[in-house]
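The number in the working numbering is simply the position in the sequence shown, starting from 1, with 157 added.
The beta-carbon is built from N, C-alpha and C at its ideal position, and this holds for glycine as well.
Reading through the structure tokens given below for one structure.
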Amino acid sequence: MYPEVALVYIAAIDASKAFDQVNHNVLFRKLVKRGAPSCFVGVLMNWYNKLESSVRWNGVLSSSFRVLCGVCQGGILSPLLFNVYVDELIESLSASGCRCHIGRMFYGCIMYADDLLLLSPTLTGLQSMFHVCDSYAEDHNLVFNVKKTCCAVIGKHRSVIRRLVLAEQAVPWTDRLRYLGVSFTCSNTLDVDVSPVRRNFYAACNSIIARSRGTSEPVRVQGPDFRKILGRS
């Protein structure tokens with residue numbers, strides 16, 4: 158049996174332009190370390206060593222310059238390469254000893270692309286995970302944007318919570334956070350608020366319908382009346 162956790166401290170961390178910060182040499186070393194075929198790594202090195210870019214301003218194109226970091230936006234391989242680049246961060250957070258588990262499964266870090274959630278049963282543990290992120294960011298050319306980072310606590314707690322620090326800056330506390338476009342309210346329980354996503358969906362549908370010429374009369378998409386569904390007046 159595992160002890161019940163009374164509190165869970167959660168942090169939503171934003172990595173600034175993380176796909177553009179990938180260090181090519183570090184990425185290639187990680188691929189070799191993971192046993193990727195040398196011919197595959199060689200092709201990638203050939204591609205990325207030839208990357209050049211230029212800036213267009215008022216119709217004038219600057220001279221080209223080499224691109225020494227970042228993976229190609231929209232590339233099929235880019236998400237996989239980025240996963241390889243940050244995989245050791247997740248392993249380091251798991252090995253830190255300050256984390257949440259369900260059974261024997263580690264759930265202290267949830268990461269989708271460059272959006273990162275950290276969960277810890279203690280404040281000290283969450284601060285230790287911040288230290289791991291700081292160290293990894295320094296070694297891997299990553300930047301965590303504290304202005305778009307926040308902390309919250311789920312469960313009964315004292316009104317005053319001590320300050321936590323990421324990238325040498327204090328991280329603000331909140332009772333509402335967003336992850337992948339979904340809003341969460343953190344109090345004694347974790348509540349999910351999908352109403353903003355639903356409103357955006359209806360607005361997009363109505364915009365498409367309004368522009369359509371195939372409807373003979375006005376059409377409007379709206380949400381269900383849950384009071385009628387529940388039999389309430």
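The Cβ atoms of Val-303 and Gln-284 do not sit closer than 7 angstroms to each other. Considered as a whole, the stretch 201-262 harbours 235-252 as its complete alpha helix (DSSP H) runs of no fewer than 4 residues, in chain order. Approximately 7 angstroms separates the beta-carbon atoms of Ile-167 and Cys-308; this is inside 8 angstroms, confirming the contact. One alpha carbon belongs to Ser-195, the other to Ile-247, and they sit about 25 angstroms apart. Going by C-alpha positions, Leu-337 is about 26 angstroms away from Lys-313. The C-beta separation of Cys-343 from Ile-311 comes to about 5 angstroms, placing the pair in contact by the 8 angstroms criterion.
Around Cys-226, the same chain offers Asp-177, Gln-178, Val-179, Asn-180, His-181, Asn-298 as residues with beta carbons nearer than 8 angstroms, after the five sequence neighbours per side are excluded. Take the alpha-carbon of Ser-364 and the one of Gly-282: they are about 47 angstroms apart.
DSSP places Tyr-359 in the helix class (H, G or I) of the three-state scheme. For Leu-274, the enclosing beta strand (DSSP E) has its first and last residue at 272-277.
In this structure, DSSP gives Leu-280 a helical state, which the three-state scheme calls helix. For Lys-313, no alpha helix (DSSP H) encloses it, and the DSSP letter there is neither H nor E. With a cut-off of 8 angstroms on Cβ pairs, the stretch 236-255 is in contact with the stretch 183-191, counting three or more such pairs. When beta bridges are read from the DSSP output, Ser-364 appears opposite no residue. Residue burial is scored here from C-beta neighbours: Thr-346 has fewer than 16 other C-beta atoms within 10 angstroms and is therefore classed as exposed. In this model, Ile-259 and Met-268 are separated by some 17 angstroms (Cα to Cα). One alpha carbon belongs to Arg-356, the other to Pro-329, and they sit about 28 angstroms apart.
As the crow flies, the alpha-carbon of Asp-171 is around 27 angstroms from that of Ala-361.
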